[in-house]
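Quick note: the sequence shown uses full-length UniProt numbering, first residue 1, plus one each step.
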Amino acid sequence: LCYDPETNHWESKADAPVERAWHGMATVREKLYLLGGSNNVNGYRQDIMHVSCYHTEHDQWLTISQLPFGHGEPGITVLGDRIYVLGGRSHDRYTRTDFVHIYNVEENRWDSGPDIECANSGMSCCVLTLPRQLIQDRGHQTPKKQPERAERQLPSLQPEPGGLSDFEEFSSSED
């Protein structure tokens, strides 16, 4: 669907080529990209690896690339002609990820970025550009590099009472 704020009207557009939920979306050069997510068309939740691109001029979707790893509920942001896909979860591997993958729209190529500090899904992302003088190395003011993950002690997180993990099914005989 496409909303026109001038007419306050929704208009139907071409359906995306792959059914998906929990995906990310980004716009670059007047094109819409659907990245990651999952579906259960085979009777179980599975990662969607295809990246779909919508061309507004032709009301047409194209499958343009494959993600290097499953990213459901990823953080998505854009800088220039690059789409950054951060974290998320892989339903195929039953795990959250700390991977960062960068799609270069101009070259139709994936690169790996530095991992985020801890595996995460459902995060929000944006780009904030800062003046060069704020980010230059000023000797002692530069934060120290974080210790390697294997050496770090993460705080213990207790589940909420009655909470469900991301992969547990809810069933009740009281319904």
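The beta carbon of each residue, even a glycine, is placed where N, CA and C say it ideally should be.
Query	Result
CB contact below 7 Å: S52 versus chain C	The displayed structure is made up of one protein chain only, and chain C is not part of it.
Contiguous beta strand (DSSP E) assignments of at least 3 residues, all confined to the stretch 6-32	9-11, 24-28
Three-state class that DSSP yields for Q136 in the structure shown	coil
Every unbroken beta strand (DSSP E) inside the stretch 50-118 [3 residues or more]	50-55, 60-66, 75-79, 82-86, 100-104, 109-112
Exposure label - E117; buried when at least 16 CB within 10 Å	exposed
First through last residue of the beta strand (DSSP E) which encompasses C125	Unbroken run through C125: none, as it is neither H nor E.
E11 versus C2, V18, P17, E19, residue with shortest Cα-Cα distance	C2
Exposure label - N8; buried when at least 16 CB within 10 Å	exposed
Which listed residue (I102, H71, Q60) has its alpha carbon closest to that of G80	I102
Closest by C-alpha distance to D59, when choosing among A14, Q133, P131	A14
Three CB pairs or more closer than 8 Å across the stretch 82-89 and the stretch 24-37	yes
Limits of the beta strand (DSSP E) - the one that Y3 falls within	2-4
Same chain only: Cβ atoms within 8 Å of D115, ignoring 5 sequence neighbours per side	D98, F99, V100
DSSP-derived helix/strand/coil call for L130	coil
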